[in-house]
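*Asks:*
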Amino acid sequence: MFNIKKSMAALVTGLTFLVPSVQAGEPAKSLLTPDNHTVILIDHQPQMAFATRSHSIEDVRNNVTGLAKSAKAFNVPTILTTVAEKSFSGPLFPELRAVFPDQTPIDRTTMNTWEDKRVTDKVKKFKKNKIVIAALWTEVCGVGPVLSAIEEGYDVYFVTDASGGVSKEAHDMAVQRMIQAGAQPITWLQYLLELQRDWARTESYVDVTNIAKEHAGGYGLGLIYATEMFNAKEGQ
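In the working numbering, the protein residues as written are 1 to 236.
1. Could you please give the first and the last residue of the uninterrupted beta strand (DSSP E) stretch that includes VAL39?
2. How would you write the range of the alpha helix (DSSP H) that GLN180 sits in, first residue to last?
3. Let me check one thing: in DSSP terms, what residues is LEU136 bridge-paired to?
4. Taking all protein chains shown into account, do 16 or more other C-beta atoms lie within 10 angstroms of the C-beta of ARG61, making it buried, or fewer, making it exposed?
5. Could you tell me if VAL119 is buried or exposed, where buried requires 16 or more neighbouring beta carbons within 10 angstroms of its beta carbon?
6. Judging by CA-CA distance, which residue of GLU194, ALA51, VAL156 is the nearest neighbour of ALA71?
7. Quick one: residues in its chain with C-beta nearer than 7 Å to the C-beta of GLN196, no 5 flanking neighbours on either side, listed in chain order?
8. Could you check which residue in PRO94, ASP107, ALA200 has the C-alpha nearest to that of VAL83?
9. Could you tell me which uninterrupted alpha helix (DSSP H) segments, each at least 4 residues in length, are contained entirely in the stretch 76–138, listed from first to last along the chain?
10. Between TYR157 and the rest of its own chain, which residues show a CB-CB distance below 6 Å, the 5 nearest in sequence each way excluded?
11. Looking only at its chain, what residues have a beta carbon closer than 8 Å to the beta carbon of THR78, apart from the 5 residues adjacent to it on each side?
12. Report the CB separation of GLY220 from ALA212 in whole angstroms; it is logged as a contact under 8 Å.
13. Among the candidates PHE88, ALA135, SER54, ASP198, whose CA atom is the shortest distance from the CA of ALA24?
14. Please list the terminal residues of the continuous beta strand (DSSP E) segment that includes ASP207.
15. Buried or exposed: GLU139, going by 16 or more other Cβ atoms within 10 Å of its Cβ?
16. Classify LEU15: buried if its beta carbon has 16 or more other beta carbons within 10 angstroms, exposed otherwise.
17. In its own chain, which residues sit with a C-beta less than 6 Å from the C-beta of HIS55, not counting the 5 before and 5 after it?
18. Following the continuous alpha helix (DSSP H) through GLN196, name the residue where it begins and the one where it ends.
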């Protein structure tokens, strides 16, 4: 006898194979999250900026400030460090001091930040296996800690547009050297949006869009335009 219930069940079972899964995939383990890394900002000082030629000083100042604000917005542990502040390089950029007013930068004599125990002690204290680094200059104060941290087993990300070298070639070759050693190059805006990841995360939405409006150039201007003209929000 023809069994309608069994036939319908078989049909439904067969159809399930035709319907694509709507389950979300697992994010890559290499993606940065607010709780899996430490940020180190190295030698963003006047004397270092004067000789930077791979990027304009204006761009470096804007980008590293956007990076710093991004880290602060997501409560990412951040280490500020300078080299020869009093005798040669001058104070940390005022924009960075404004983002972290309660933090005194670690002033070093070493060109390689990783060779200063105060810095590595802080890194170990935070207990994060990923490190995000931006530095002036890329080919000296960037390469040293990046290669050193990689050899100690850390996953290292280098923020190329919040850093700079004495020439475009010097910067580019240093970035290539770090990539060949295992570092991952990123940009500051990529960093901000990677931490946000989902516009439904309302707790950080306002901070993220405000940072973008102030520091993200055309994208930020687009957010301002959409908000003013259409009261639009990302993700809607």
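Glycine included, every Cβ here is placed at the ideal spot set by N, Cα and C.
*Replies:* Concretely, from the data shown:
1. Against the sequence shown, residue 39 aligns to sequence position 39. 37–42 is the extent of the beta strand (DSSP E) around VAL39.
2. Counting from one through the sequence shown, the residue named residue 180 turns up at place 180. First-last of the alpha helix (DSSP H) with GLN180: 168–181.
3. Here residue 136 is taken as the residue at index 136 of the sequence shown, counted from 1. For LEU136, which the question treats as bridged, DSSP gives the partners GLY164.
4. Here residue 61 is taken as the residue at index 61 of the sequence shown, counted from 1. Classification for ARG61: buried.
5. For the purposes of this step, residue 119 is taken as the residue at position 119 of the sequence shown. Buried is the call here.
6. Taking the first residue of the sequence shown as 1, we reach residue 71 at position 71. Out of GLU194, ALA51, VAL156, GLU194 has the C-alpha closest to the C-alpha of ALA71.
7. Along the sequence shown, read from residue 1 onward, the residue named residue 196 stands at position 196. Result list for GLN196: SER204, VAL208, in chain order.
8. Locating residue 83 in the sequence shown gives position 83, counting from the first residue. Here the closest residue by C-alpha is ASP107.
9. 94–99, 117–126
10. The sequence position of residue 157 within the sequence shown is 157, counting from 1. If we look at TYR157 and ignore the five residues flanking it on each side, its Cβ neighbours are VAL132, GLN184, ILE186.
11. In the sequence shown, the residue the question calls residue 78 occupies position 78. Answer for THR78: THR38, VAL39, ILE40, LEU41, ALA68, ALA71, LYS72, PHE100, GLN103, listed in chain order.
12. In the sequence shown, the residue the question calls residue 220 occupies position 220. In the sequence shown, the residue the question calls residue 212 occupies position 212. Right, the Cβ-Cβ distance comes to about 5 Å (below 8 Å), so this counts as a contact.
13. Looking up residue 24 in the sequence shown gives position 24. The shortest Cα separation from ALA24 among PHE88, ALA135, SER54, ASP198 belongs to ASP198.
14. Position 207 of the sequence shown holds residue 207. Premise fails: ASP207 lies in the alpha helix (DSSP H), 202–215, not in any beta strand (DSSP E).
15. As a position in the sequence shown, residue 139 is number 139, starting the count at 1. Per the 10 Å Cβ criterion, buried.
16. Position 15 of the sequence shown holds residue 15. Because LEU15 carries a pLDDT of 40, less than 50, the predicted location of this residue cannot be relied on, and the following value inherits that uncertainty. So LEU15 ends up on the exposed side.
17. Counting from 1 along the sequence shown, the entry for residue 55 is found at position 55. Once the five neighbours on either side are set aside, the close Cβ partners of HIS55 are GLY164.
18. Along the sequence shown, one-based indexing puts residue 196 at 196. Start and end: 188–196.
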